[in-house]
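Report on the following structure.
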Amino acid sequence: MSALSSLPQASSIAPQVDTLFWFMLALCVIVVVGVLIAIVSYSVKYRRGSRADRSGRQAQSLGVELTWTLIPLALFIGVFTWSLFVFAKMRSPPEASQTLYVVAKQWMWKTQHPGGQREINALHVPLGQPIRLTMTSEDVIHSFYVPAFRVKQDVLPGRYTELWFKATQLGTFPLFCAEYCGLDHARMGGNVVVMAPADFARWLEGHAGPQSLAARGAALFRAHGCSGCHGANASVHAPDLDGLYGRWVQLSDGSTVIADDRYIRDSILLPKKHLVAGFAPIMPSFSGQLSEEDLVALIAYLKSTSSVANDPPATGSESTHEHD
Amino acid sequence: MNTIEAAVPMPSAARSFLDRDYSLRAWLTTLDHKRIAILYALGITGFFFLGGIAATLIRVNLVEPNGLLLNAETYNKAFTFHGVVMVWFFLIPSIPATLGNFLLPLMIGARDVAFPRLNLTSWYLYMMGGLFTVAALLAGGVDTGWTFYTPFSTMFSNTNVILVVVGVFVTGFSSILTGLNFIVTVHALRTPGMTWFRLPLFVWTMYAVSLVMVLATPVLAMTLALIGLERLAHVGIFDPALGGDPLLFQHLFWFYSHPAVYIMILPAMGVVSEIIACFVRRRVFGYQFMTYSILALAVIGFLVWGHHMFVSGQSMYASMVFSILSFIVAVPSAIKVFNWTATLRKGDITFEAPMLYALGFVGLFMMGGLTGLILAAPALDVPLTDTYFVIAHFHYVMVGGSVMAYLGGIHFWWPKITGKTYPEGWARSAAVLMFFGFNLTFFPQYILGYEGMPRRYHSYLPEFQVLNVLSSAGASILAVAYLLPIAYLLWSLRYGGVAGDNPWDARGLEWQTTSPPPKENFLRRPVVREAYAYDEPAP
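Sequence lines, in order, name chains A and B. Residue 1 is where the first sequence starts when you use the numbering used here, and the numbers rise one by one after that. Residue 1001 is where the second sequence starts when you use the numbering used here, and the numbers rise one by one after that.
Quick look at the structure:
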């Protein structure tokens, strides 16, 4: 708990955010108080009729102007730099993160664990484990916001954004949608429940679905005919997808792109966007045939075939255009 | 009474611009910048009160965690109405179109603006767009928020988005034409001797704001047209389901809407500079730095739009660049606050109502600006954006800043515009009441935002109730404070004393002509000196 607020500091980043916040707030208070003191004391001293000395009143001073131009500038650059470190940390999930999936829609949050556990308007996470959320929306823009963790990330249709946190406090913390999304925006909330790892393991067992996310993805991979072309014995000339996840892929335009969640999603829905070098553009789009949750399952399946132990190095949620 | 003299008609040139051509037709076809300013003032006041009614509904509703008055749908339409009307039909035109129109030619010693017909056209565009929008908002309403974020606004909202977008689009041209008019006026119509560095700071801000209006508003027009295109024809521009990019919309929208913040605040800075100089009776400290700051705000204001998008999915590196630029744009604002404060030093200060408004502006603008610094740091913006912290921040700048300055300006130039004086005691009371009402309304919202209450919420968690009730209580005080000036200013039109040509003993050229001025503005050529020659007697 921060001493000055009732808002819990329930994630590893929260204390760092708060320290910067209180520092900047203190700076603001000093400036406000200083200027107000100056205004009030000048107003009293130089009110009409007072006997204060007014000689040299029209003097202008370049030195004074430069002082209150350069000192604020230096201070601003200082806090900017400090803020960058915290911001970069916020945007860089640790290697050991566990990926969970979030699909938003008007007006609910659907979350999925790799074991196939699904939740609505809730997310159970273990204490102390870095959690990386890969998020997308089925309709409009939403925003995943947990005030106690000091994290927020817009959730967009048509692409993945991501957010990570490491919960440091047991308990139930409100989750809000922060980006206005229509009629029941205010009710699009839920809870993030932080549990001790042992309790969380029990919770996972108690809520296991019929199959894991990857297993469901494998079933989809066959049902939608993906395996017919991309399988090991396929007659059609299509890239082999076993172990693809997390690798660099050479594209026909000469660029390379890392095969992450976004790449796979785009390749399924917009197969002509990233043509792999040496292959003909013969794949049809599966847009409209697969829900966002199906896509997430397919990605989980491909990930399960990969030797890359965990997630690929984060390119951030923003690198969509880097390889276009 | 001398009956002979009364029988002789005054030469038309000596009559004030109000005391002639009384017909409605004469007013609606007038080319006189002063009358057009008054037409604008009437429209703007009307829209302000409409937007205020929506604000009242919002604040009443938020007294209860589950919403006291409105269902979710009506609440969403109420805040959209409030935002659209206040931004485009009150704040953007407020000072430039009323005080700017009235004063700009007077301050530079001109007879009118460069293009009087264009000026009247601007007013008609403004009113047409405004009335059309308000009609669309009342007949069914719109639930997108004033920001029209896509794809919600293009593919999901079932409300009159197209009509409202058309209304705002039309009004945008009023901004563009006014900007064009002012730029040419300042360049071409300054009276001999009125050099650039003798211009009152108010004229500098009008000039800078005109540049912003001319350069930024077309981008808004284009963006709104694209919304219409996607909504009507399903051309995929913003909705990913159609192959579009929702972030493209945000880039385009904020490319206009961040400079629009400077359209709202720069004129307020100009007004406050005039008022402070007059009631402190000295030249504004650091006049040249003030002019450079004005231009810097106008230019750098174009380069910071991405700070609205730190959590949007925009690249982390882009966010860092927009962050440092946002810190840099705060420097000229800081310079201005320090210079206003330093102007008080060694002054000969009196505290009439306009001065109280101006000092209120400095305090509230400073708080709005400083909390803007907190939001400029991406690490802090991430938790705070889209919460009440942002609401409080921009209301401190827009309402505590721009509206206080607008009312200060109205009080300062009221004797010049109408020839009448208003009851000073009432005016001072209203200014003080407004300051306290404002702080009680919006200060709790900073805390609400830090605690995590998102904006645009029709209902909220019970722990946020105390602060919401405080805010609503403040809003009721604020409402009274806004109604007071309407009452006593209208009263003064009939019962107010005769103001005289220069009741504040001010130095701007506008004070050298009669109150109200004649249609031609000046019957004799004004004596041009430095804008703030308070150490010399008035000519």
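Even for Gly, the Cβ is constructed at its ideal location relative to N, Cα and C. This structure is a prediction, so every number in the text was calculated from the model and none was measured.
Determine, using beta carbons only, whether Phe176 of chain A comes closer than 7 Å to chain B. yes
Work out the CA separation of Ala208 of chain A and Leu369 of chain A for me, nearest whole Å. Shown here, chain A extends from 1 to 324; a query on residue 369 of chain A therefore has no answer.
Within this structure, are the beta carbons of Leu175 of chain A and Leu133 of chain A separated by less than 7 Å? no
C-beta contact flag for Ala1306 of chain B and Phe1289 of chain B at 7 Å: It is worth fixing the name first, because residue 1306 of chain B is Gly in this sequence and not Ala. No.
Comparing C-alpha positions only, which one of B:Val1261, B:Leu1042 and B:Phe1285 sits nearest to Ser61 of chain A? B:Phe1285
Run through chain B and tell me which residues come within less than 7 Å of Ser306 of chain A, C-beta to C-beta. Near Ser306 of chain A there are no residues of chain B at all, since even the closest Cβ is about 25 Å away, more than 7 Å.
Identify which residue in A:Gly206, A:Ser255, A:Met108 and A:Leu270 has its Cα closest to the Cα of Asn191 of chain A. A:Met108
Does the Cβ of Asp242 of chain A have 16 or more other Cβ atoms within 10 Å, making it buried, or fewer, making it exposed? exposed
Return yes when the Cβ of Val1280 of chain B is within less than 7 Å of the Cβ of Thr1205 of chain B, no when it is not. no
Pull up the DSSP beta-bridge partners for Ser1016 of chain B, would you. B:Pro1518
Can you list, in chain order, the residues of its chain whose CB lies under 6 Å from that of Val1087 of chain B, leaving out five sequence neighbours each side? Trp1146
Quick one: grab the DSSP three-state call for Lys1420 of chain B. strand
Contact list for Tyr145 of chain A against chain B, beta-carbon separation under 7 Å: Pro1454
For His237 of chain A, does the count of other Cβ atoms within 10 angstroms reach 16, so buried, or fall short, so exposed? exposed
Out of B:Leu1199, B:Val1060 and B:Leu1104, which one is the CA nearest neighbour of Glu1530 of chain B? B:Leu1199
Whole-Å CB distance - Ala1298 of chain B paired with Val1212 of chain B, under 8 Å assumed: 5 Å
Comparing the C-beta of Ala300 of chain A with each C-beta of chain B, is any distance below 7 Å? no
Are there 16 or more other CB atoms within 10 angstroms of the CB of Ile1540 of chain B, so buried, or fewer, so exposed? Chain B is shown from 1001 up to 1539; residue 1540 of chain B falls before or after that span and cannot be answered.
Based on the DSSP secondary-structure assignment, which residues constitute the bridge partners of Asn1181 of chain B? Beta-bridge pairing links Asn1181 of chain B to no other residue.
Nearest to Gly1270 of chain B by alpha carbon, out of B:Thr1371, B:Pro1192, B:Phe1412 and B:Ala1353? B:Phe1412
For the region 1380–1393 of chain B against the region 1434–1450 of chain B, do three or more pairs of beta-carbon atoms, one drawn from each stretch, fall closer than 8 Å, so that the two count as touching? yes
Name the chain B residues that come within less than 8 Å of Tyr263 of chain A, Cβ to Cβ? Neighbours of Tyr263 of chain A on chain B: none; closest Cβ ~16 Å, over 8 Å.
Minimum length 3: unbroken beta strand (DSSP E) runs contained in the region 80–113 of chain A: 98–105 and 108–112
Since Thr161 of chain A meets chain B, which of its residues come closer than 8 Å, beta carbon to beta carbon? Gly1313
Pull the bridge partners of Ala10 of chain A from the DSSP assignment, please. DSSP lists no partner for Ala10 of chain A.
For the beta strand (DSSP E) containing Ile131 of chain A, name the first residue and the last one. Pro130 to Ser137
Leu7 of chain A to Gly1452 of chain B, Cα distance in whole Å? 8 Å
Give me the chain A residues within the contact set of Gly1286 of chain B, using Cβ-Cβ distance strictly less than 7 Å, ordered along the chain. Gln60 and Glu65
Could you confirm whether any beta carbon from chain D is found closer than 7 Å to the beta carbon of Pro72 of chain A? Absence of chain D from the displayed structure is noted, the protein chains being A and B.
Do you know how far the Cα of Ile299 of chain A is from the Cα of Val103 of chain A? 14 Å
So who's on the other strand from Val192 of chain A, going by DSSP bridges? A:Leu123 and A:Phe173
If you run the structure through DSSP and keep just helix, strand and coil, what is Lys1077 of chain B? helix
For Leu1440 of chain B, would you say it is in contact with chain A, using Cβ-to-Cβ distances shorter than 7 Å as the test? no
Say whether chain B places a C-beta atom closer than 7 Å to the C-beta of Met135 of chain A. no
Determine, for Val1321 of chain B, whether the minimum Cβ-Cβ distance to residues of chain A falls below 7 Å. no
Apart from the five residues just before and just after Thr1191 of chain B, which ones in its own chain have a Cβ nearer than 8 Å to its Cβ? Ile1108, Gly1109, Ala1110, Leu1509, Arg1525, Pro1526 and Val1528
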